[in-house]
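Per numbering that gives the first Met the number 0, the sequence shown starts with residue 0, numbered consecutively. Built from N, CA and C at the ideal position, the CB exists for glycine as well. The model shown is predicted, which means the values in this text are computed figures rather than measured ones. This report concerns only the one structure given below.
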Amino acid sequence: MATLVLSASPALASGTYSGRAYIYGADSFQDDWGDEGILSTGTNTYSNATCLWQEILWADDFLDVSDIDGAFGKKTKDATTAWQTKKKLSDRDGVAGKETFGKADDGLRKWDEDSDGTLTLYYLGSKYQPTFIRKADGTYAFYMYDGSTDGYRLAGYDYRTCG
Numbered sequence: 000m001a002t003l004v005l006s007a008s009p010a011l012a013s014g015t016y017s018g019r020a021y022i023y024g025a026d027s028f029q030d031d032w033g034d035e036g037i038l039s040t041g042t043n044t045y046s047n048a049t050c051l052w053q054e055i056l057w058a059d060d061f062l063d064v065s066d067i068d069g070a071f072g073k074k075t076k077d078a079t080t081a082w083q084t085k086k087k088l089s090d091r092d093g094v095a096g097k098e099t100f101g102k103a104d105d106g107l108r109k110w111d112e113d114s115d116g117t118l119t120l121y122y123l124g125s126k127y128q129p130t131f132i133r134k135a136d137g138t139y140a141f142y143m144y145d146g147s148t149d150g151y152r153l154a155g156y157d158y159r160t161c162g
């Protein structure tokens, strides 16, 4: 008599290169985002990862703070295309993927590091400097600037708690 054994694997985040459910980094923070997933009007459209990306666009004055809502719609797509053009990227398609996220790494700066390895980072935007946390486990979190919370939210691909 044969026995069938089933095992459950953790769910992979849709549209990510690493399969991780969160924006993630390890070792040097300056190359954390070059392998991040796709954010677009059709992939990871409603997510906290989109909120993190919108904070980059806000920092470089392509979106207003009120546009940070975790919804990758036409306004975010147009802002992403303008950001890609300003940064002289080969992909100017309004999609935040490997090349676009990787270019955003250039703006990350270290503010502080806790004894457990948690980094507090900021993005050196042309207008604003939003802060991010890279926890000791490598997951990224962002601060919401809408006044509704006084803490950081994990930058996940599979859910949206911002906006």
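I need the straight-line Cα distance from residue i to residue j, nearest angstrom please.
i	j	result
D63	W57	6 Å
D68	S114	33 Å
C161	L107	22 Å
Y122	F131	8 Å
K126	D59	6 Å
G24	D111	16 Å
F141	D66	15 Å
L153	R159	10 Å
K87	D30	19 Å
G41	A78	16 Å
W52	K109	18 Å
L38	D90	14 Å
Compare the Cα-Cα distances from residue i to each of the options and report the closest residue.
i	options	result
Y21	F28, T49, R108, Y122	T49
G96	T80, G106, K109	T80
L71	T130, F61, N43, D104	According to the sequence provided, residue 71 is Phe. The question's Leu does not apply to it. F71 has its Cα closest to that of N43, out of T130, F61, N43, D104.
G93	D105, F61, G116, L107	F61
K134	F141, T117, S125	T117
T75	E54, D90, S89	E54
Y156	T138, Y142, M143	T138
What would DSSP say about residue i, mapped onto helix, strand or coil?
i	result
A140	strand
K134	coil
L62	coil
A48	helix
G18	coil
G155	strand
Taking contact to mean at least 3 C-beta pairs separated by less than 8 Å, is the region 100-109 in contact with the region 18-34?
Between the region 100-109 and the region 18-34 there are three or more inter-stretch CB-CB distances shorter than 8 Å, so the stretches are counted as touching.
Whole runs of the alpha helix (DSSP H) within the region 76-131, excluding any shorter than 4 residues
With a minimum length of 4 residues, the unbroken runs of alpha helix (DSSP H) contained wholly in the region 76-131 fall at 97-103.
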